[in-house]
Every structure is written in C-alpha cells, then in structure tokens.
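S.K.: Counting from 1, one number per residue, gives the positions in the sequence shown under UniProt numbering.
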Amino acid sequence: MYLVKWNFQTPTDEHISQLQTLLGNQAKIGLMSQLFHKDFKQHLAALDALLRLADTSPGSLIANSDLLLKWCTLRFFETNPAALIKVLEFCRVVVQLIRDTDTQMSQEELTSFVPYLLLKTGEPKENMRNAVRDIIMILSDIVGPLKMSPMLLDALKSKNARQRAECLLVIESYINSSGISPLKSLTIEKIVAPHVGDKDVAVRNAAINVLVACYKFEGDQMWKSAGRMSDKDKSLVEERIKRSGVKPGSGVVSNSPPAAGGPKIVVPQQGSAVRRPASRSRTREPEPEDVETVVNRTFDQPPKSSSRYALRDDVFSNVLSRLSETPLPNPVVTPPSVMNGWGNSMPQTIKRTNSSSSISSIDTSDQIQRSINNISSSLTDVATDAMYQVTYVLNQPEQRYLVDRRADLVFRASAAQLDLIIEEFNAGRGITAIMDACTQMLFILMGGVEQDNDLEPLNASPDTVKAIITSVLRCIIQIGNSEVGYTMARSLNRLAMRLIYRVELSNLLCGLILAMTESLQKVNGITDLVSKLSSKWCDELEKRRAQLRASDIVDSFNAFYVCSMTVRNAKNDYSGMVAE
C-alpha cells in the first residue's frame with residue numbers, strides 16, 4: 001500500500017481517506033463512524049471511549065498511537081473549543097502512556113504530530129496553550145530536546161506571534177536545563193537572533209532570553225554564533241545580560257528534569273508492561289492477546305534487514321590497535337559476565353583524571369548522554385575527554401549498543417565539533433589532538449577497519465547525515481590544503497566513505513541530497529565531493545535495496561530539483577542583466 005506523507009498545510013481528502021483505511025483495519029465500525037463523523041459531538045463520544053481504554057486496555061492505545069495522533073492533527077484544524085480541549089486531553093494521555101511504558105517514538109511519528117501540535121501554541125485561550133505546554137513537556141521527556149528543537153525552530157516562521165513566543169520559551173528552557181552544547185549543531189543563536197527585532201514585545205523578550213541563556217553557557221562565542229545583528233538589537237541583548245547579572249560560562253546543566261522537559265534515554269528493560277518498536281506508522285507488533293474493546297488489532301512488524309560490509313582501509317589500523325591496547329589513566333574493573341541491562345549498580349567504572357571535564361564513572365545512561373553532549377563543547381579538553389569516554393564504551397562489545405542507539409546524537413555533536421575545529425584551524429591554533437580523538441571515535445562507531453562486521457545500519461536522520469557529511473567534507477577542503485592537515489584530510493576522506501556502509505540507506509541518500517541542495521545554496525565547495533559519495537551510494541544499492549523508502553527519497557529529490565531550478569533561473573536573470 002502506498003502511503004501519502006503526513007505533511008500538509010490543510011488536510012486533503014487523500015490524507016483523510018488513507019487514515020480511514022489504516023484505522024479501519026484496527027478499530028470497530030462503531031468507533032470509526034464516530035471518529036470520522038461531521039458532528040463534533042460524535043468526536044467527543046469517540047474520545048470518551050478512547051480515554052476509557054487508557055485504564056482498561058492501554059496496550060491497544062499505545063500500539064496504535066501513531067494513527068490516533070494523526071487523527072488528532074486533523075481535529076487541530078477545527079475551531080470548536082470544547083472539541084479541541086478534549087482532543088488535547090486525549091493527546092496528553094497518549095503521550096503519558098508512551099513515556100510511562102518507556103516506549104520510543106520514531107522521527108516519522110514526531111514529524112507527523114508535533115508541527116501540528118505547535119499550531120495550537122498560538123491559541124488565544126490560556127487553558128489551551130497550557131494543555132499544549134504539558135504535551136510538549138512529556139514529548140521532551142520521551143525524545144529529548146535535540147529532536148524537538150528543529151520543529152520548534154521551524155515553527156518560528158509562523159505569522160502568529162503567540163506561537164513564536166511560546167516556541168522560544170520552550171527553547172530557552174531546553175538551553176537552561178541541558179546547555180547549548182547538545183543543541184549546537186542546530187544553529188539556534190543564528191535562527192533566534194533576527195527575532196530580537198520582532199514587533200511583538202513577547203516574541204522580542206523571549207528571543208533575548210534565549211540568547212542570554214546561550215551567553216550564560218558559552219560567553220562571547222554566542223555573538224559569533226548569532227551572526228550579524230543590528231546595533232539596536234545587540235544593545236537590547238547586552239542590556240539584558242547586564243541587568244540579569246549573567247556571567248559568561250556560568251551556566252550549569254541541571255540534573256533534574258527541566259520545566260519544559262529534558263532528554264530522557266530509554267533503556268530496554270525486561271518485563272515492561274507494554275512495548276512498541278520505534279517504527280513507521282504501518283509497523284506495529286501484535287498484541288499478546290485479542291483485546292475485545294474498541295481497538296482490537298495492531299500492525300505486523302516486518303523483519304529487520306541488515307547488511308554486511310567489508311571496506312578494509314589500513315590507514316587507522318595502527319591507531320585503533322594502540323587505542324584498544326592503551327589502558328586508561330585509572331584501573332578499569334572488568335565485569336565478570338556480560339550484562340543484559342544497565343542496572344543501578346554497575347560493577348564497571350571508568351575513571352579519568354587530570355582533565356577539567358573528568359567523569360568519575362560511566363555507570364548510567366545519563367552519564368553516557370552527558371559524554372555525548374560534551375563532544376560538541378567549545379572547550380577542547382572537555383570535548384576530547386568526552387570522545388575518549390565514548391570511544392571506550394564503543395570498544396566494549398556488551399556495551400557499545402548504548403552508543404549505537406544514540407548514533408544520531410553522536411553524529412550531530414561531532415558535526416558541531418568539526419565546525420569548531422575548522423574555526424580553530426583557520427585561527428592558527430593546534431587541532432591535532434582533538435581531530436585524532438574525533439576521527440578515532442567515529443571510525444570505531446562505523447565498526448572499525450580491521451573487521452568484517454555484520455552490524456545493523458545506524459539510525460541517523462537525513463538532517464543529521466547532511467550535517468556530518470557537510471562538516472567532514474568542509475574539513476577535507478579547508479584543512480587538506482595545508483601540510484599539517486593533509487594526513488587528517490585523508491583520514492576524513494575514508495571516514496566519509498565508511499558512512500556509506502553504516503548508515504541506513506534511505507536516510508543516507510536523503511541526507512546526501514540535502515547536502516547537495518545546501519551546497520548549491522551556500523556555494524561551500526563540497527558539491528563535487530557529495531556527488532562522489534552519491535555514486536558510492538549507488539554501488540550499495542543492490543546489496544541493501546530492502547532498506548529503501550521511495551516516498552522520502554522522492555521528496556528529497558523534489559526539493560533538490562526546486563533548488564537547482566531556482567539557482568539556474570537566478571543565473572539566467574543575472575546574465576540577462578549583464579547583457580543589457
């Protein structure tokens with residue numbers, strides 16, 4: 001069955017018909033007639049029935065939550081206040097169930113729901129905006145700020161001032177609780193800075209507060225990241241910084257959950273009540289028993305595909321062998337047996353000393369997360385230490401899944417660090433130590449260079465693939481021309497090739513197309529290198545054809561076509577003006 005992508009300005013008949021078909025396979029006829037009735041009172045009756053399921057059969061709600069949340073997005077386009085409040089209440093119950101059962105949400109599920117939820121942050125009624133805030137808080141607990149922030153930043157394009165202000169408030173809370181390092185790759189300062197000059201007072205104040213929060217963590221680096229600002233806008237931010245008494249670099253990451261949600265790492269546990277895979281809308285595991293209530297069946301889970309690869313490069317062989325043989329500064333206690341979970345009392349500790357960013361041990365998922373976040377730190381010793389911590393975990397076969405499952409975060413943080421390395425190199429500062437740490441970590445994440453590994457493809461979104469590919473290729477171009485950077489550029493070239501073998505194929509191609517599109521817009525010199533990587537992708541096509549998702553690829557090609565036509569027309573217009 002061909003699925004229409006859940007992306008629209010207003011719902012079309014095709015989207016509604018598709019959702020009716022998918023839900024019709026799961027729900028009873030009586031519920032379906034209420035869900036898609038023209039009378040909002042029937043919608044209220046359907047919502048009451050679904051809310052009762054939260055107590056009697058939560059598993060059936062969770063198993064079909066992606067479809068039910070899509071149905072809620074259709075209701076967001078209606079204007080009846082009573083119906084909207086009820087829909088938001090149901091959304092809150094569903095996402096609470098997802099969070100409380102440690103169920104993961106895929107990127108597709110998020111992008112099919114969150115952008116439409118954010119439309120309701122612009123509602124004039126305070127109780128409605130409060131309900132939306134609660135849902136955003138819970139979603140932030142489930143997936144973390146890094147996955148929520150791109151959609152919040154995109155919502156800043158809205159013409160609704162309330163919506164812009166609310167989204168800025170959430171972004172500020174993310175920075176205050178998690179710091180700017182994990183979000184550095186999103187260029188938050190550059191996107192938020194123009195809103196300092198917004199006509200709406202609430203938007204203006206919220207934008208200033210975001211930049212002040214960034215300044216608290218990275219000091220004067222914030223001004224550089226924000227880009228060019230008018231003297232008036234800059235003076236407003238400086239006045240707020242002065243009045244608030246914020247000192248540069250004084251920010252402290254909160255260990256407690258922030259007001260608007262924070263990163264939560266879902267660790268697989270045995271015996272959980274309800275489990276649902278992070279999957280596309282038509283992939284759900286069957287319920288363990290037939291539920292004789294309103295929603296009674298789920299989708300079947302298709303078998304996962306895996307790919308073998310064997311690209312043997314000898315450039316890093318010696319480096320990696322030295323890394324695996326070299327002990328850490330403090331003794332490492334080896335566990336007597338392979339662990340099945342990440343328990344409260346972990347017998348293995350990793351202690352690093354003589355560093356401003358030393359982490360006494362990596363014995364919880366939160367500490368793994370903190371190490372990954374610190375990869376993008378602008379402080380070289382903090383970033384280098386974090387990379388060695390992550391590298392060590394990757395070298396432990398029974399623990400590397402803790403990093404593999406966060407590959408998207410590692411790639412984003414690494415992309416941000418590579419951009420900082422380029423700046424350091426252009427400023428004439430030494431980059432050898434941090435570049436070695438970064439490339440070693442990424443090579444081991446790719447599976448190493450000495451082994452023919454049978455590893456699952458790494459899960460990285462197209463935007464993340466674009467970010468890491470662009471940063472790696474920019475490093476090759478800008479650093480490779482120097483004597484000191486030639487060897488680094490060769491290593492980065494091999495690293496770029498390894499990405500082709502380890503990243504899920506559809507996301508990889510979409511990311512390459514996004515990188516190509518951006519290179520046309522920004523003229524950053526990487527177009528030819530991206531083309532070479534794309535041809536390498538073609539070589540992998542026959543081996544991994546089962547991974548392809550045609551709809552996502554077509555959308556990416558369409559965006560590239562529109563961009564290339566725009567660039568060509570602009571060149572033609574310029575040529576015509578010169579001729580005249």
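Glycine included, each C-beta is placed from N, C-alpha and C at the ideal position. Keep in mind that this is a model prediction, so the values were computed, not measured.
Out of L110, D100, S378, which has the shortest C-alpha to C-alpha gap to D419?
M.R.: Position 419 of the sequence shown holds residue 419. That would be S378, whose Cα lies nearest to the Cα of D419.
S.K.: Between the C-alpha atoms of L499 and M446, what's the straight-line distance to the nearest angstrom?
M.R.: Counting from 1 along the sequence shown, the entry for residue 499 is found at position 499. Counting from 1 along the sequence shown, the entry for residue 446 is found at position 446. Using only the alpha carbons, I get a separation of about 7 Å.
S.K.: Could you spell out the range, first to last residue, of the alpha helix (DSSP H) harbouring M151?
M.R.: In the sequence shown, residue 151 corresponds to position 151, counting from 1. Start and end: 145–154.
S.K.: Return the chain-ordered list of same chain residues with a C-beta closer than 6 Å to the C-beta of K184, the five sequence neighbours on each side being excluded.
M.R.: Indexing the sequence shown from 1 puts residue 184 at position 184. The residues are S376, A416.
S.K.: How far does the alpha helix (DSSP H) with R494 in it extend, from its first residue to its last?
M.R.: As a working mapping, residue 494 is identified with position 494 in the sequence shown. Residues 486–502.
S.K.: Taking the C-alpha atoms as reference points, what is the distance between L68 and A433?
M.R.: Here residue 68 refers to the residue found at position 68 of the sequence shown. Here residue 433 refers to the residue found at position 433 of the sequence shown. Each residue's alpha carbon lies about 50 Å from the other.
S.K.: Cα separation between Q399 and K38?
M.R.: Reading the sequence shown from its first residue, position 399 is the one you call residue 399. Reading the sequence shown from its first residue, position 38 is the one you call residue 38. Taking the straight line joining both Cα atoms gives about 53 Å.
S.K.: Would you report the Cα separation of P329 and E218, rounded to the nearest angstrom?
M.R.: Position 329 of the sequence shown holds residue 329. Position 218 of the sequence shown holds residue 218. Reliability fails at P329, whose pLDDT of 39 lies under 50, so the model's placement of it is uncertain and no value is given.
S.K.: Out of L512, N130, I208, which one is the CA nearest neighbour of M497?
M.R.: Numbered from its first residue, the sequence shown carries residue 497 at position 497. When each option's Cα is compared against that of M497, the closest is L512.
S.K.: Report yes or no: do the stretch 83–91 and the stretch 120–129 share at least 3 C-beta pairs separated by less than 8 Å?
M.R.: Yes, the stretch 83–91 is in contact with the stretch 120–129.
S.K.: Taking the straight line between their C-alpha atoms, what separation do you get for N374 and V382?
M.R.: Translated into the one-based positions of the sequence shown, residue 374 becomes position 374. Translated into the one-based positions of the sequence shown, residue 382 becomes position 382. About 7 Å.
S.K.: Which class does L3 belong to by DSSP, given the choice of helix, strand or coil?
M.R.: As a position in the sequence shown, residue 3 is number 3, starting the count at 1. Reduced to three states, the DSSP call for L3 is coil.
S.K.: Which residues in the same chain have their Cβ closer than 8 Å to the Cβ of L97, if we skip the five residues on either side of it in sequence?
M.R.: Taking the sequence shown and counting its residues from 1, one reaches residue 97 at position 97. Correct list, in chain order: A54, P58, L61, I62, S65, T103, V274.
S.K.: Can you name, in chain order, every residue of its own chain whose Cβ lies under 8 Å from the Cβ of S244, other than the five neighbours on each side?
M.R.: As a working mapping, residue 244 is identified with position 244 in the sequence shown. V212.
S.K.: Within its chain, find whatever has a CB closer than 7 Å to the CB of V472; leave out the 5 residues flanking it on each side and keep chain order.
M.R.: To locate residue 472, count along the sequence shown from 1; it is residue 472. Excluding positions up to five away in sequence, the list reads L418, L492, L495, A496.
S.K.: Is L508 buried or exposed, if buried means 16 or more other CB atoms sit within 10 Å of its CB?
M.R.: The residue given as residue 508 occupies position 508 in the sequence shown. With 16 or more other Cβ atoms within 10 Å, it is buried.
S.K.: How would you label N209, buried or exposed, when you count the other beta carbons within 10 angstroms and need 16 or more for buried?
M.R.: In the sequence shown, the residue the question calls residue 209 occupies position 209. Burial call: buried.
S.K.: Could I get the ranges of all uninterrupted alpha helix (DSSP H) runs contained in the stretch 195–257, with 4 residues as the minimum, in chain order?
M.R.: Correct list: 201–218, 221–226, 231–244.
S.K.: Excluding sequence positions up to five away, which residues of its chain have a Cβ less than 7 Å from the Cβ of N442?
M.R.: Here residue 442 refers to the residue found at position 442 when the sequence shown is read from its first residue. The sequence shown places Leu at residue 442, rather than the Asn named in the question. Hits under 7 Å: S414, L495.
S.K.: Look up A460 in the DSSP assignment and say whether it is helix, strand or coil.
M.R.: Taking the sequence shown and counting its residues from 1, one reaches residue 460 at position 460. In the structure shown, A460 sits in coil (DSSP, three-state: anything other than H, G, I, E or B).
S.K.: Alpha helix (DSSP H) containing S173: first to last residue?
M.R.: The count along the sequence shown starts at 1 and reaches residue 173 at position 173. S173 -> alpha helix (DSSP H) spans 161–178.
S.K.: Among V484, K70, R52, I479, which one has its Cα closest to the Cα of P11?
M.R.: Walking along the sequence shown from the start, residue 11 turns up at place 11. Looking at the Cα atoms, K70 is the closest of the given residues.
S.K.: Going by CA-CA distance only, name the one from M516, M128, R429, A82 that's closest to A467.
M.R.: The residue given as residue 467 occupies position 467 in the sequence shown. Nearest of M516, M128, R429, A82 to A467, Cα basis: M516.
S.K.: Ordered along the chain, which non-local residues of its own chain (more than five positions away) have a Cβ less than 6 Å from that of R92?
M.R.: Within the sequence shown, residue 92 is the residue found at index 92, counting from 1. Excluding positions up to five away in sequence, the list reads D134, I135.
S.K.: Is the beta carbon of P182 less than 8 Å from the beta carbon of L146?
M.R.: By one-based count along the sequence shown, residue 182 stands at place 182. By one-based count along the sequence shown, residue 146 stands at place 146. Cβ distance < 8 Å, so P182 and L146 count as in contact.
S.K.: As a quick exercise: from N127, I16, K125, A27, pick the residue whose alpha carbon is nearest that of R75.
M.R.: For the purposes of this step, residue 75 is identified with residue 75 of the sequence shown, where counting begins at 1. Cα-wise, what sits closest to R75 is I16.
S.K.: What do you get for E166, buried or exposed, if any count of 16 or more other CB atoms within 10 angstroms of its CB means buried?
M.R.: Here residue 166 refers to the residue found at position 166 of the sequence shown. That one is buried.
S.K.: Just the Cα atoms here: how many angstroms apart are V410 and L394?
M.R.: Your numbering for residue 410 matches position 410 in the sequence shown. Your numbering for residue 394 matches position 394 in the sequence shown. Cα to Cα, the separation comes out at about 12 Å.
S.K.: Short of 7 Å in beta carbon distance, which residues of its chain neighbour Q221, apart from the five on each side in sequence? Order them along the chain.
M.R.: Residue mapping note: residue 221 aligns to position 221 of the sequence shown, counting from 1. Taken in chain order, the residues that qualify are S378.
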